[in-house]
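Novice: 51 is the number that our numbering gives to position 45 of the sequence shown; each next residue is one higher, with no gaps.
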Amino acid sequence: MSFDTYCRECATHYADTFTKNQHVQVVHHGITPPNPDISEELFYTINSHIPQVRAKTCPVCLVYFHTLSSCVCHVDNHHPPQSRVGCLMRPTKEAVIYEWERLIEAVFPGSLKFIRKSWRIVRDENHQMMGDTEDEEEEGDDNFYDI
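1. Nearest-angstrom Cα distance between residue 16 and residue 123?
2. Around the C-beta of residue 172, are 16 or more other C-beta atoms found within 10 angstroms, so that it is buried, or is it exposed?
3. Opposite residue 19 in the DSSP bridges: which residues?
4. Which partner residues of residue 63 appear in the DSSP bridge assignment?
5. Just to check my reading of the structure: residue 113 and residue 58 have Cβ atoms closer than 8 Å, yes? What is that Cβ distance to the nearest angstrom?
6. Taking residue 9 as the reference, which of 29, 32, 40 has the closest Cα?
7. Mind reading off the beta-carbon distance from residue 78 to residue 121? Whole number of angstroms is fine, and I expect it under 8 Å.
8. Around the Cβ of residue 85, are there at least 16 other Cβ atoms within 10 angstroms (buried) or fewer (exposed)?
9. Measuring alpha carbon to alpha carbon, tell me which of 22, 29, 132 ends up nearest residue 76.
10. Leaving out five residues before and five after residue 38 in sequence, what residues of the same chain have Cβ atoms less than 6 Å from its Cβ?
11. Quick one: is residue 62 buried, meaning 16 or more other Cβ sit within 10 Å of its Cβ, or exposed?
12. In whole angstroms, what is the alpha-carbon distance linking residue 60 and residue 131?
13. Which value, in whole angstroms, describes the spacing of the CA atoms of residue 53 and residue 136?
So this is what it looks like as structure tokens:
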């Protein structure tokens with residue numbers, strides 16, 4: 007857990023440090039409130055029920071990520087739903103992923119689709135630079151999909 011996205015005065019988590027800094031400029035007249043007096047581990051344990059924290063937490067292995075995009079990348083790559091994997095892996099129940107995606111959409115509207123679209127663009131650019139075609143893609147390369 008990082009205090010970079012948390013405002014102690016307002017007890018609010020923000021999607022990223024930029025948004026928190028904008029909040030500090032407007033609401034607190036540029037004076038950043040101090041971090042909580044407890045450790046970040048204890049802070050996370052206490053605040054794990056807050057939607058902004060849960061959205062950045064893997065719904066399967068319960069690992070917290072500092073950014074939403076790193077959490078989405080982790081879930082997409084390590085916990086694919088049954089519809090995206092064959093018999094080689096133990097799939098994640100689609101309902102678990104669906105509920106987590108709904109939480110993200112409620113807490114950070116539009117973020118999930120934007121993150122996945124950005125990854126597809128970067129991936130496609132990397133394939134073009136390397137001269138790859140769709141026929142030459144490796145098995146794990148289709149980790150990015152529309153919601």
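Where a beta carbon is used, it is the ideal one built from N, C-alpha and C, also for glycine.
The structure displayed is predicted, hence computed values, not measured ones.
Specialist: In this structure, then:
1. C-alpha of residue 16 to C-alpha of residue 123: approximately 32 Å in a straight line.
2. The displayed coordinates of the chain run from 7 to 153. Any statement about residue 172 would go beyond what the structure contains.
3. Answer by DSSP bridge pairing, in chain order: 12.
4. 70.
5. The C-beta distance from residue 113 to residue 58 rounds to 6 Å, short enough to meet the 8 Å contact threshold.
6. Of 29, 32, 40, the residue nearest in Cα terms is 40.
7. Residue 78 to residue 121, Cβ: 5 Å. Contact.
8. The residue in question, residue 85, is buried, as its Cβ has 16 or more Cβ neighbours within 10 Å.
9. Ranked by Cα distance from residue 76, the options 22, 29, 132 are led by 22.
10. So the qualifying residues of the chain are 30.
11. Buried, since its Cβ has 16 or more Cβ neighbours within 10 Å.
12. Cα to Cα, the separation comes out at about 32 Å.
13. Here the alpha carbon of residue 53 sits roughly 44 Å from the alpha carbon of residue 136.
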